[in-house]
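Those protein sequence lines, which keep their order, are chains A and B.
For our numbering, count along the first sequence from 1 and bump the result up by 28.
For our numbering, count along the second sequence from 1 and bump the result up by 212.
A virtual CB, placed ideally from N, CA and C, is assigned to each residue, including glycine.
Following: one structure in structure tokens, then a few remarks.
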Amino acid sequence: MTSRRSADAGGARSDAELLAEHVAGSSRAFGQLVHRHQNRLWAVALRMMRDPDDAADVVQDALVKAFRRAETFRGDAAVSTWLHRIVVTTALDALRASHRDPVPDNDAAATLAEPRNSIADRQLSLDVNAALAALPSDQRAAVVLVDLAGFSVDDAAWALQCPAGTVKSRCFRGRARLASLLDAYGPAQRGDTGNHSPAADVPTEAAATRGAVDGERGEDEA
Amino acid sequence: VNGPVHPDLEALLLGDDQAKAHLRGCDQCQHRLASETDRHMRVQRWLAEQAPVSMPTEVATRVHARLEDLGNRRSDRTAPAPARPTPRHGRAQRWLLAASVAAFAVLGTSVLVPLLRNGADDPLAGADLAESSLSAEEASAGDEAADDAAALAPEPSADLPEVPAAIRSQAEPQAALPDSCGDALALQLGGRVQRASGAGDNGVLVVVEVAGQRMLWWLPSCDAAASQARGRTALE
Numbered sequence: 029m030t031s032r033r034s035a036d037a038g039g040a041r042s043d044a045e046l047l048a049e050h051v052a053g054s055s056r057a058f059g060q061l062v063h064r065h066q067n068r069l070w071a072v073a074l075r076m077m078r079d080p081d082d083a084a085d086v087v088q089d090a091l092v093k094a095f096r097r098a099e100t101f102r103g104d105a106a107v108s109t110w111l112h113r114i115v116v117t118t119a120l121d122a123l124r125a126s127h128r129d130p131v132p133d134n135d136a137a138a139t140l141a142e143p144r145n146s147i148a149d150r151q152l153s154l155d156v157n158a159a160l161a162a163l164p165s166d167q168r169a170a171v172v173l174v175d176l177a178g179f180s181v182d183d184a185a186w187a188l189q190c191p192a193g194t195v196k197s198r199c200f201r202g203r204a205r206l207a208s209l210l211d212a213y214g215p216a217q218r219g220d221t222g223n224h225s226p227a228a229d230v231p232t233e234a235a236a237t238r239g240a241v242d243g244e245r246g247e248d249e250a
Numbered sequence: 213v214n215g216p217v218h219p220d221l222e223a224l225l226l227g228d229d230q231a232k233a234h235l236r237g238c239d240q241c242q243h244r245l246a247s248e249t250d251r252h253m254r255v256q257r258w259l260a261e262q263a264p265v266s267m268p269t270e271v272a273t274r275v276h277a278r279l280e281d282l283g284n285r286r287s288d289r290t291a292p293a294p295a296r297p298t299p300r301h302g303r304a305q306r307w308l309l310a311a312s313v314a315a316f317a318v319l320g321t322s323v324l325v326p327l328l329r330n331g332a333d334d335p336l337a338g339a340d341l342a343e344s345s346l347s348a349e350e351a352s353a354g355d356e357a358a359d360d361a362a363a364l365a366p367e368p369s370a371d372l373p374e375v376p377a378a379i380r381s382q383a384e385p386q387a388a389l390p391d392s393c394g395d396a397l398a399l400q401l402g403g404r405v406q407r408a409s410g411a412g413d414n415g416v417l418v419v420v421e422v423a424g425q426r427m428l429w430w431l432p433s434c435d436a437a438a439s440q441a442r443g444r445t446a447l448e
């Protein structure tokens with residue numbers, strides 16, 4: 029599988045090479061590395077924090093940490109996984125500090141009930157950020173990494189610093205909670221007909237990340 | 213009431229060994245697992261179909277500016293410190309300079325002052341301060357030859373003091389100064405002997421460089437230099 033990174037900014041250098049250049053003193057390598065992964069890091073931070081301002085703070089703090097601690101990266105995971113791990117850890121710390129975890133069910137349900145375009149076709153759209161906000165932060169982190177960012181259970185376990193079984197359990201409980209929210213609106217409201225969704229034809233967040241992670245892992249193994 | 217204990221859904225979905233063993237013979241749990249699996253797959257599909265989110269431009273600009281600032285600070289810290297200027301004069305150089313000044317003061321009073329006092333017509337008057345191997349005949353013969361050579365000699369260079377014609381005539385141009393004599397002169401003068409312009413019957417004409425200043429000396433006491441210049445046999 030061709031790695032996505034080769035087509036991104038930073039030329040043909042791998043993530044690991046860019047990080048090594050940064051540790052060696054390059055002033056531009058880390059910026060290229062961030063440019064390559066910033067959208068996926070942003071998506072994870074936004075799903076975790078829900079508020080864009082908080083997500084921006086989390087991403088910036090996480091990348092500053094990564095910048096300063098780059099020499100501590102031992103290469104036992106992909107660089108992108110390492111960056112996601114720092115973002116998730118920073119987000120969880122921010123959530124604990126702000127005592128905003130979890131969002132009360134009533135608030136989440138009210139947010140979920142907001143129609144996107146109620147007059148035009150009365151089709152309700154479920155805000156994924158609002159749905160995820162209904163989950164406890166540990167379940168949210170697991171669901172975001174596995175189901176949204178496309179990480180394998182093992183990579184998510186490394187990023188969350190917990191056993192793989194714990195990640196599976198958190199994903200199970202998180203999905204069960206989300207499923208109950210989805211059921212509350214029925215197939216018509218959420219546009220779920222049980223058939224193949226046209227949205228699956230467009231590049232999705234999880235598919236894009238899964239491709240990048242798989243490609244990098246493949247090169248690392250090589 | 214005393215029927216089989218069905219494992220919970222989480223154990224079924226996560227493939228617990230006991231749950232799997234129970235599942236093989238329990239139609240009710242198989243149906244429950246299929247239903248729950250369908251719900252989970254629906255959630256996963258819904259999450260995966262979310263459109264990719266791009267970092268807003270203002271956030272990206274802010275993040276990259278912060279990282280660039282960090283990079284610049286790191287570069288400033290790791291850049292080598294500007295080299296300190298090398299002291300122009302070390303302790304040894306200062307001692308050498310002081311010794312040179314003292315030596316020049318002594319020699320100036322003993323050699324140059326008599327020379328200047330007696331004038332250019334009698335440049336060898338200062339020789340009485342040192343040993344001299346000249347006889348009266350040799351001196352007069354040298355004077356005559358010097359007069360002839362002076363007429364043909366080129367003008368002295370601007371950066372050297374004018375040497376009396378009588379001395380110039382006796383000096384063998386560019387004669388090498390013997391090492392022993394050069395060392396002795398260097399020690400005596402406290403400076404660096406640049407070269408011996410010539411060594412004649414009455415001594416040796418030496419150009420001395422001290423602290424960038426060139427000075428011309430006529431030293432009649434260096435017999436070895438004179439002998440070397442005359443016949444190149446004294447030290448061989």
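Figure out for me which residue from the options has the closest Cα to the Cα of residue i.
i: Trp-70/A; options: Thr-249/B, Ala-260/B, Pro-264/B; result: Pro-264/B
i: Gln-53/A; options: Asn-284/B, Gly-320/B, Ala-311/B; result: Rather than Gln, the amino acid found at residue 53/A in this sequence is Gly. Minimum Cα distance to Gly-53/A is reached at Asn-284/B.
i: Glu-248/B; options: Val-181/A, Ser-180/A, Phe-200/A; result: Phe-200/A
i: Val-195/A; options: Pro-216/B, Val-271/B, Glu-222/B; result: Glu-222/B
i: Ser-126/A; options: Arg-68/A, Ala-57/A, Met-77/A; result: Met-77/A
i: Pro-268/B; options: Val-92/A, Lys-93/A, Ala-94/A, Ala-73/A; result: Ala-73/A
i: Ala-198/A; options: Ala-159/A, Val-181/A, Asp-82/A, Asp-211/A; result: The sequence shown places Arg at residue 198/A, rather than the Ala named in the question. Of the candidates Ala-159/A, Val-181/A, Asp-82/A, Asp-211/A, the one whose C-alpha sits nearest the C-alpha of Arg-198/A is Val-181/A.
i: Ala-124/A; options: Asp-82/A, Asp-211/A, Asp-175/A; result: Here residue 124/A turns out to be Arg, not Ala, going by the sequence shown. Of the listed residues, the one whose Cα sits closest to Arg-124/A is Asp-82/A.
i: Phe-95/A; options: Val-172/A, Leu-120/A, Arg-102/A, Leu-111/A; result: Leu-111/A
i: Ala-204/A; options: Gly-237/B, Leu-235/B, Pro-216/B, Asp-250/B; result: Asp-250/B
i: Arg-56/A; options: Gln-240/B, Trp-307/B, Glu-280/B; result: Glu-280/B
i: Phe-101/A; options: Leu-209/A, Glu-49/A, Leu-210/A, Asp-155/A; result: Glu-49/A
i: Arg-97/A; options: Val-51/A, Arg-75/A, Arg-68/A, Pro-80/A; result: Val-51/A
i: Val-171/A; options: Met-253/B, Ala-315/B, Arg-303/B; result: Met-253/B
i: Ala-162/A; options: Glu-99/A, Ala-192/A, Ala-207/A, Gly-178/A; result: Ala-207/A
Under 7 Å Cβ-Cβ, which residues of chain A neighbour residue i?
i: His-243/B; result: Ordered by position in chain A, no residue passes the 7 Å Cβ test against His-243/B, which lies about 17 Å from the chain.
i: Ala-225/B; result: One detail in the question is off: residue 225/B reads as Leu in this sequence, not Ala. In chain order: Phe-200.
Applying a beta-carbon distance threshold of less than 9 Å, which residues of chain B neighbour residue i?
i: Gly-59/A; result: His-276, Leu-279, Glu-280, Gly-283
i: Ala-84/A; result: Met-267, Pro-268, Glu-270, Val-271, Arg-274, Val-275
i: Ala-71/A; result: Gln-262, Pro-264, Val-265, Ser-266, Met-267
i: Leu-251/A; result: Residue 251/A cannot be examined here, being either before or after the span of chain A that is shown, 29 to 250.
Cβ closer than 8 Å: which chain A residues qualify as neighbours of residue i?
i: Leu-259/B; result: Val-156, Val-171, Asp-175, Leu-176, Leu-206, Ala-234
i: Ser-287/B; result: Gly-53, Ser-55
Just to confirm the assignment, what range does the alpha helix (DSSP H) spanning residue i have?
i: Val-255/B; result: 239 to 260
i: Phe-58/A; result: 57 to 77
i: Phe-179/A; result: Unbroken run through Phe-179/A: none, as it is neither H nor E.
i: Pro-80/A; result: 80 to 96
i: Arg-41/A; result: Here Arg-41/A belongs to no alpha helix (DSSP H), and DSSP marks it neither H nor E.
i: Ser-108/A; result: 107 to 126
i: Gln-305/B; result: 303 to 319
i: Arg-102/A; result: Arg-102/A -> no alpha helix (DSSP H), and no H or E assigned at all.
i: Leu-160/A; result: 156 to 161
i: Leu-235/B; result: 229 to 236
i: Gln-167/A; result: 165 to 171
i: Ala-223/B; result: 221 to 225
Quick one: list the residues of chain B neighbouring residue i, beta-carbon separation under 8 Å, in chain order.
i: Arg-203/A; result: Arg-251, His-252, Val-255, Gln-256
i: Gln-66/A; result: Met-267, Ala-272, Val-275
i: Val-62/A; result: Val-275, His-276, Leu-279
Below 7 Å on C-beta distance, what does residue i contact in chain B?
i: Leu-74/A; result: Val-265
i: Ser-197/A; result: Glu-222, Leu-226
(message) Assess contact between the region 106 to 113 of chain A and the region 40 to 58 of chain A, defined as three or more Cβ pairs (one per stretch) separated by less than 8 Å. Is contact present?
(response) yes
(message) For the structure I just gave you, are there three or more beta carbon pairs, one from the region 161 to 179 of chain A and one from the region 82 to 91 of chain A, closer than 8 Å?
(response) Using a Cβ-Cβ distance cut-off of 8 Å, the region 161 to 179 of chain A and the region 82 to 91 of chain A are not in contact, since fewer than three pairs of beta carbons, one from each stretch, lie closer than that value.
(request) Flag this pair as touching only if the region 186 to 194 of chain A and the region 112 to 126 of chain A have three or more C-beta atom pairs under 8 Å; answer yes or no. (result) yes
(request) Report yes or no: do three or more beta-carbon pairs, one from the region 57 to 73 of chain A and one from the region 271 to 287 of chain B, lie closer than 8 Å? (result) yes
(request) Could you please tell me which residues of the region 86 to 107 of chain A, in chain order, have their CB closer than 9 Å to any CB of chain B? (result) Val-87, Gln-88, Leu-91, Val-92, Phe-95, Arg-96
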